[in-house]
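In this note's numbering, the protein residues as written are 36 to 157.
All residues carry an ideal CB built from backbone N, CA and C; glycine is no exception.
A quick write-up on the structure given underneath.
Take a look at the structure:
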(Lines of atoms letter the chains of each structure in order from A and count residues from 1; the text may use other names and numbers.)
(Lines give C-alpha, C1' and ligand atoms only; values in the text may rest on other atoms or scores of the structure.)
Protein backbone atom coordinates (compact mmCIF):
# COMPACT_ATOMS: atom_id res chain seq x y z
CA UNK A 1 0.00 0.00 0.00
CA UNK A 2 1.34 3.45 -0.89
CA UNK A 3 1.61 6.08 1.81
CA UNK A 4 2.64 9.66 1.58
CA UNK A 5 5.66 9.58 3.85
CA UNK A 6 8.74 11.67 4.11
CA UNK A 7 12.08 9.88 4.34
CA UNK A 8 13.13 9.01 7.86
CA UNK A 9 16.22 10.68 9.17
CA UNK A 10 18.57 8.93 11.58
CA UNK A 11 17.12 11.05 14.40
CA UNK A 12 13.61 9.87 13.41
CA UNK A 13 14.64 6.23 13.56
CA UNK A 14 16.35 6.71 16.93
CA UNK A 15 13.35 8.52 18.41
CA UNK A 16 10.93 5.95 16.99
CA UNK A 17 12.94 3.08 18.50
CA UNK A 18 13.35 4.85 21.86
CA UNK A 19 9.62 5.57 22.06
CA UNK A 20 8.79 2.02 21.01
CA UNK A 21 11.07 0.58 23.71
CA UNK A 22 9.50 2.88 26.28
CA UNK A 23 5.85 2.33 25.34
CA UNK A 24 5.74 -0.95 23.40
CA UNK A 25 3.30 0.85 21.09
CA UNK A 26 4.28 1.29 17.41
CA UNK A 27 1.43 3.77 16.80
CA UNK A 28 2.67 6.02 19.61
CA UNK A 29 6.24 5.73 18.34
CA UNK A 30 5.14 6.64 14.80
CA UNK A 31 3.21 9.68 16.05
CA UNK A 32 6.31 10.80 17.98
CA UNK A 33 8.07 11.34 14.65
CA UNK A 34 5.08 12.63 12.70
CA UNK A 35 4.38 9.37 10.87
CA UNK A 36 1.40 7.06 10.64
CA UNK A 37 1.44 3.50 11.87
CA UNK A 38 0.98 2.27 8.29
CA UNK A 39 3.98 4.31 7.17
CA UNK A 40 6.06 2.85 10.00
CA UNK A 41 5.15 -0.70 8.99
CA UNK A 42 5.99 0.10 5.38
CA UNK A 43 9.36 1.50 6.44
CA UNK A 44 10.02 -1.61 8.54
CA UNK A 45 9.40 -3.79 5.48
CA UNK A 46 11.84 -1.77 3.37
CA UNK A 47 14.56 -1.23 5.96
CA UNK A 48 15.97 -4.42 7.57
CA UNK A 49 17.94 -2.41 10.14
CA UNK A 50 14.72 -0.81 11.36
CA UNK A 51 13.00 -4.20 11.50
CA UNK A 52 15.80 -5.58 13.67
CA UNK A 53 15.80 -2.55 15.97
CA UNK A 54 11.98 -2.75 16.15
CA UNK A 55 12.13 -6.35 17.40
CA UNK A 56 14.76 -5.43 19.98
CA UNK A 57 12.74 -2.42 21.19
CA UNK A 58 9.66 -4.58 21.67
CA UNK A 59 11.82 -7.00 23.64
CA UNK A 60 12.90 -4.15 25.91
CA UNK A 61 9.29 -3.03 26.35
CA UNK A 62 8.24 -6.58 27.20
CA UNK A 63 11.04 -6.86 29.77
CA UNK A 64 9.75 -3.70 31.43
CA UNK A 65 6.28 -5.22 31.67
CA UNK A 66 7.73 -8.40 33.15
CA UNK A 67 9.84 -6.53 35.70
CA UNK A 68 6.93 -4.35 36.82
CA UNK A 69 4.56 -7.28 37.01
CA UNK A 70 7.00 -9.49 38.90
CA UNK A 71 7.89 -6.68 41.30
CA UNK A 72 4.22 -6.07 42.01
CA UNK A 73 3.58 -9.76 42.60
CA UNK A 74 6.69 -10.26 44.75
CA UNK A 75 6.17 -7.15 46.85
CA UNK A 76 2.67 -8.24 47.75
CA UNK A 77 1.04 -5.18 46.24
CA UNK A 78 -0.96 -7.18 43.74
CA UNK A 79 -4.47 -6.68 45.08
CA UNK A 80 -5.68 -5.64 41.61
CA UNK A 81 -3.74 -8.36 39.76
CA UNK A 82 -4.89 -11.93 39.40
CA UNK A 83 -1.70 -13.96 39.90
CA UNK A 84 -2.88 -16.74 37.57
CA UNK A 85 -3.58 -14.26 34.78
CA UNK A 86 -0.22 -12.59 35.38
CA UNK A 87 1.67 -15.87 35.20
CA UNK A 88 -0.23 -16.90 32.07
CA UNK A 89 0.71 -13.60 30.47
CA UNK A 90 4.37 -14.13 31.33
CA UNK A 91 4.27 -17.59 29.73
CA UNK A 92 3.02 -16.06 26.49
CA UNK A 93 6.01 -13.80 25.98
CA UNK A 94 6.99 -13.77 22.33
CA UNK A 95 10.12 -15.76 21.68
CA UNK A 96 12.77 -13.90 19.76
CA UNK A 97 13.72 -15.61 16.50
CA UNK A 98 16.88 -17.66 16.75
CA UNK A 99 19.92 -15.95 15.35
CA UNK A 100 22.15 -17.93 13.03
CA UNK A 101 25.31 -19.14 14.68
CA UNK A 102 28.54 -17.59 13.52
CA UNK A 103 31.22 -20.18 13.01
CA UNK A 104 34.87 -19.33 13.11
CA UNK A 105 37.28 -21.06 10.77
CA UNK A 106 40.51 -20.90 12.79
CA UNK A 107 42.59 -22.31 9.94
CA UNK A 108 41.34 -19.64 7.54
CA UNK A 109 42.04 -16.91 10.09
CA UNK A 110 45.57 -18.25 10.56
CA UNK A 111 46.14 -18.23 6.77
CA UNK A 112 44.95 -14.63 6.51
CA UNK A 113 47.21 -13.61 9.38
CA UNK A 114 50.15 -15.31 7.68
CA UNK A 115 49.39 -13.48 4.44
CA UNK A 116 49.22 -10.16 6.28
CA UNK A 117 52.55 -10.85 7.99
CA UNK A 118 54.10 -11.81 4.66
CA UNK A 119 52.88 -8.58 3.10
CA UNK A 120 54.25 -6.64 6.07
CA UNK A 121 57.63 -8.32 5.64
CA UNK A 122 57.63 -10.12 8.94
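query, result
"Kindly list the residues whose CB is nearer than 6 Å to the CB of residue 92, restricted to its own chain and excluding five residues on each side of it in sequence; keep chain order.", "52, 55 and 56"
"Tell me whether the beta-carbon of residue 47 lies closer than 7 Å to the beta-carbon of residue 68.", "yes"
"Do residue 97 and residue 128 have their CB atoms nearer than 7 Å?", "yes"
"If I'm right that residue 64 touches residue 71 with Cβ under 8 Å, what's the distance once you round it to whole angstroms?", "11 Å between Cβ atoms; not a contact."
"Helix, strand or coil, according to DSSP, for residue 70 in the structure here?", "coil"
"Leaving out the 5 sequence neighbours to the left and right, which residues in its chain are closer than 7 Å to residue 85 when beta-carbon positions are compared?", "48, 78 and 79"
"Since residue 104 and residue 125 should fall inside the 8 Å C-beta cutoff, what is the C-beta to C-beta distance between them, to a whole number of angstroms?", "7 Å"
"For residue 75 versus residue 61, is the C-beta distance shorter than 7 Å?", "yes"
"In angstroms, rounded to a whole number, what distance separates the CA positions of residue 111 and residue 101?", "15 Å"
"Return helix, strand or coil for residue 94, following the three-state DSSP convention.", "helix"
"Where residue 81 and residue 44 are concerned, what is the direct C-alpha to C-alpha distance, given to the nearest angstrom?", "14 Å"
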